Amino acid sequence: MSDKTETVARLSVFKTYKLYVGGKFPRSESGRVYEVSDQKDKWLANAPLASRKDARDAVVAARKAFGAWSGATAYNRGQILYRVAEMLEGRREQFVREVAEAEGLSKSKAAAQVDAAIDRWVWYAGWTDKIAQVVGGGNPVAGPFFNLSSPEPTGVVAVLAPQESSFLGLVSVIAPVIATGNTAIVIASEKSPLPALSLGEVLATSDLPGGVVNVLSGRTAEIAAPLAAHQDVNAIDLTGADETLATELEVAAADNLKRVLRPQPVDNAGWSADPGTGRMTAFLETKTVWHPTGSLGASGSAY
Amino acid sequence: MASASASAFEYAPAPESRSVVDIAPSYGLFIDGEFTEAADGKVFKTVSPSTEEVLSEVAQAGAEDVERAVKAARKAFASWSALPGSERAKYLFRIARIIQERSRELAVLETLDNGKPIKETRDADLPLVAAHFFYYAGWADKLGHAGYGANPRPLGVAGQVIPWNFPLLMLAWKIAPALATGNTVVLKPAETTPLSALFFADICRQAGLPKGVVNILPGYGDAGAALVAHPDVNKVAFTGSTAVGKEIARTVAGTHKKVTLELGGKGANIVFDDAPIDQAVEGIVNGIFFNQGQVCCAGSRLLVQESIEEELLDSLKRRLSTLRLGDPLDKNTDIGAINSAEQLARITSLVDAGQAEGAERWSPACELPSSGYWFAPTLFTQVTQAHRIARDEIFGPVLSVLTFRTPDEAVAKANNTPYGLSAGIWTEKGSRILAVANKLRAGVIWSNTFNKFDPTSPFGGYKESGFGREGGRHGLEAYLDV
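Following this line, the structure appears as C-alpha cells:
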C-alpha cells in the first residue's frame, strides 16, 4: 500500500497571478480573470482582467508614491534598482520558464532574454546619478546671474508594455521611467502578462517603495483609455499600442497635455540594442533656476 | 501716469522718432523669397493699439498659400540641409548683425505694431533677438558636440506659429534654432502683429538667405491650423494659448510630427518675510507689469508671507503710483497699450469676475488715453485660490495677491495650478531658495530676480504650460531627429 502512494506524482502548487498596485497584490476589483495560454494554446493561468477602476486605483497609488521616490537621492534609487537585479538573478529559472512559455522560445533563448533583462536593470541602476550631469548643466547667461538647468521627473507615467517581448521589452520600458524618479502604471502584454505579474513580486521584495511601479493585466485598450484621459497622469508611453489605439490615446492625452512617447521601431534583435538615453529623457522636465551673482565691489553685493 | 498731478515725478514727453521706420501701405506674403499676394486676394489691416491708427494692409494667408509656402520650404530643404554647418552659421551670423544694425528701426516698428513701450523693445526685445541668432549661429557647425549623437539630422520643414506679445523675439526663438540645425521654415505671425516678421523677411533678403528657407505667412488662426495639419510639415512649434496648444496636440496625434508647445502660465511670485522688500517690489512690478502683463511667464500671483503683507503692499502701491502709462513711443513710458480690443475685453471680463467674486480691486490714480486699448495697473487683495483671477491666465497688468504662513503652504499654493511655467522666490536664505525651487513644478524659477531671459537658458513649462524647451543646448533637440 505504501509502495503505491510513492508512485503517484506530487501535485504541484499553482500560483494565483495577481495585480501589483500600491505595493499590494489585489485581484481585479471587477472579480474578472482571463485565460492565458502558451504559444500552443496550452492553458497556463488565469490572469486578472483589470478594470478602469483598477487603473484609477493605480494612479492614486502612483501619485502617492511620487513625492518620496522623486525626492529620494539618486544614489538611493540606484541601489534599489540594483537590488531589483539581484532579486531577479535569484528567480532566474522561474523567469526563464515563464518567458519560454509566453514567447514560445527554447530554454536557451528564453535564458538569453532573461539575462539581457537583468543586465538592463543593472545598466539603468547606474544611470540614476549620472543622467542629471549628462542632460543638465550651467548656462553662461549674459549677465550677473547663476543659471542652472536640471532634469526632473515628469510625474506619473502610464506605460503600455510591448505586446511581444514579455520580459526584456517590459524591463526596457519600466526601468528608464523609474530610474529618473517617475512612478509608473504598467499595462502588461495582453497575451503574455505572466512575466510582468511575476516581476511585481520581485519589485515587492527589492526595497522599491509600494506604488512606484504598479502592474495591471488585461485588455490593453480597456485599461489604457482611462489612463490616457486621466487628469493626474503626466505622461504616457504608447509602446504596446497598435497604430489605431496609439492615435486614439494620443488624442485623449492632449486633454491635459501629457508627454507622449509614440511607439518606436524596435530593433531587429528585439530590444537587445543599446537603448540610449531617449527613454529616460522622454519623461524628464528641464527646470532652470536663476539667481543673481551679486558683486564684491566697494558698494557691496547687489541684486 | 504722466498726467497725474499727484505724481512726485513729472516728465516732459520724450518721444522716440518714428521717422526711423518706413512702413509701406501694404505687404504681401513672403514665399520662396518673393513678396506675393494671397491666392484669394484677401488682406487685413494692422493697427497701432495705442492710437487705433491703421499702420498697413497685409495679405492674409489661406490654405492655398500654406500649400505654396510648404512646397517652397520643402524644395529649399534639400540644399539648405546639405550645406556645411559652417556656411549655415555664417548666414545666421549675418542675420544677427543686420538685426543689430537695424535694431532702432525694428524697436520703433515693434512698439508701433504691438503697443509695448519703446523702453522695452529697445532694451529687451531687440537685444535678445540679435543675441538669439548669434547664439544659434554658433551651434550650426557644432551639432555633433551637442549631446545628440555624432551626426544629428534636421527634421525637414518646420511649421511655426507665434503670438503677438513678443513678435520678433518669438520669431527669433523659432527660426534661429530651426535654421541652425538645417531645417527650413514656414512661420505664421499673429494677426495683430505681422509687421516685424515681414521686416525680417527683408533682413533675410539682405543676408542673401537662399529663397524658400524662410517663408512668412501673416494670417489668422485658420492659416495656423492649416500649417500645423499640413502633411508635409515635419515639425510643429507653437507659442500661444493652452487651449490652442491642446488642439494642436490632437491634430498631430498619430503622425510623425515632432511638436513643441510653449503655452500659458499663472506664475507664483513668492515673497518670504526676510526678503529685501525694495528689491522684491521691483521684481514684483517687473514680473507682472513688464509688457503690460502680456507675458506667458508673468508673476501674476503674488504669494506673500502673512507677517509682511501690509508692509509689502504699502511699498508696492507706492511704487505702482509712480508708473507712467501712455504713449509707447515715449522713452519714459513704463506701461504701454494692450495689444488689441479682444485682449482688452478679456482682461476686463476677468477683472470684473474678480470683483464679482469678492476680491478687492485697487489701481493707482491713472488717466487712460482717449483712443487705443488701455488698462490701468491693477492689484487684487483678499484673493482666494478658488477665484478665477487666481486660476485663469489674465494676460494683462493684473496682479492677484494671496498670503501664506509656512514655506510648505507657499509651495502648495504655488503648485496649485494646471500650469507650470515660471515662479519667483524672494528670500535672503539660500537654503530656503534651493528647497523651495526644488519643490516648485515649473520650468523656470527666478530667485531674487524675475523675468530674465537669455538665449543660452532653456525656457519652457511643466504640465499644461506645454512641453519642449526653447533656448540653450536643450533648444536644439526640438529641431533634430533624435
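In order, the protein sequence lines correspond to chains G and S.
Residue 292 in my numbering sits at position 292 of the first sequence, with consecutive numbering throughout.
Residue 1013 in my numbering sits at position 13 of the second sequence, with consecutive numbering throughout.
The beta carbon of each residue, even a glycine, is placed where N, CA and C say it ideally should be.
Owing to the predicted nature of the structure, the values given are computational and were not obtained by experimental measurement.
- Contact of HIS230/G with chain S is not assigned, every C-beta pair being separated by 8 Å or more.
- Rounded to whole angstroms, the Cβ separation of LEU170/G and ALA161/G is 5 Å, and the two are in contact under 8 Å.
- Per DSSP, reduced to three states, the secondary structure at PHE283/G is coil, with no helix or strand assignment.
- Under the three-state reduction of DSSP output, THR244/G falls in the helix class.
- Boundaries around ARG1388/S are those of the alpha helix (DSSP H), 1388-1391, since no beta strand (DSSP E) includes it.
- Each of GLU1053/S, VAL1070/S, VAL1054/S was checked against the Cα of ALA1061/S, and the nearest Cα belongs to VAL1070/S.
- Ranking ALA1014/S, LEU1399/S, VAL1021/S by CA distance to the CA of GLN1382/S puts LEU1399/S first.
- The DSSP assignment places complete alpha helix (DSSP H) segments of no fewer than 4 residues inside the region 1021-1103 of chain S at 1063-1082, 1085-1101, in order along the chain.
- The beta strand (DSSP E) runs lying completely inside the region 132-203 of chain G and spanning 3 residues or more are 145-153, 156-160, 183-187, given in chain order.
- DSSP, read as helix, strand or coil, puts TRP290/G in strand.
- Sequence-ordered contacts of the region 263-297 of chain G with chain S read GLU285, THR286, LYS287, THR288, VAL289, TRP290, HIS291, PRO292 [C-beta pairs closer than 7 Å].
- Judged by beta-carbon spacing, GLY1115/S lies within the 8 Å limit of ALA1337/S, meaning their Cβ atoms are closer than that value.
- Beta bridge pairing from DSSP links GLN1305/S with PHE1404/S.
- For TRP43/G, the enclosing beta strand (DSSP E) stretches over residues 43-48.
- Contact residues of the region 1237-1250 of chain S toward chain G are GLY1245, LYS1246, ALA1249, ARG1250 (C-beta to C-beta distance below 7 Å).
- With its beta carbon at least 8 Å from every one in chain S, ASN182/G lies outside the interface.
- If one requires a minimum length of 4 residues, the alpha helix (DSSP H) runs lying completely within the region 1248-1329 of chain S are 1277-1289, 1309-1320, in chain order.
- GLU1464/S has a beta carbon lying within less than 8 Å of a beta carbon in chain G.
- Contact between the region 1189-1198 of chain S and the region 1159-1178 of chain S is present: 3 or more CB-CB pairs across the two stretches fall below 8 Å.
- For the 8 Å CB-CB criterion, PRO144/G and THR180/G do not form a contact.
- Sixteen is the threshold: when 16 or more other Cβ atoms of the shown chains lie within 10 Å of the Cβ of LYS258/G, as they do, the residue is buried.
- At a beta-carbon threshold of 8 Å, the residues of chain G lying near LYS1452/S are VAL141, GLY143, PHE145, TRP290, ordered along the chain.
- Scanning its chain for C-beta atoms nearer than 7 Å, with the 5 sequence neighbours on each side dropped, one finds around ARG77/G the residues THR128, ALA179, GLY181, in chain order.
- Residue contact check for THR1449/S against chain G: a CB pair falls below 8 Å.
- Residues of chain S with a Cβ closer than 9 Å to the Cβ of ALA65/G do not exist, since the nearest Cβ in that chain sits about 16 Å away.
- Residues of the region 1312-1332 of chain S with a C-beta less than 9 Å from any C-beta of chain G: none at all.
- In the structure shown, ALA1237/S adopts extended strand secondary structure according to DSSP, grouped into three states.
- Listed along the chain, the chain G residues whose CB falls inside 9 Å of the CB of ALA1131/S are ALA142.
- GLY126/G sits in a helix when the DSSP states are folded into three classes.
- For the 8 Å CB-CB criterion, PRO1210/S and THR1181/S do not form a contact.
- For ARG77/G, no Cβ of chain S is located within less than 8 Å of the residue's own Cβ.
- In the three-state scheme derived from DSSP, where H, G and I count as helix and E and B as strand, ASP237/G is classed as strand.
- Annotation: ALA72/G to PHE66/G spans about 10 Å, alpha carbon to alpha carbon.
- With a 10 Å radius around the Cβ and a threshold of 16 neighbouring Cβ atoms, THR1406/S comes out exposed.
- The Cβ-Cβ distance between GLY1267/S and ARG1319/S does not fall below 8 Å.
- Contact between ALA142/G and ALA1131/S is confirmed by a C-beta separation of about 7 Å, below the 8 Å threshold.
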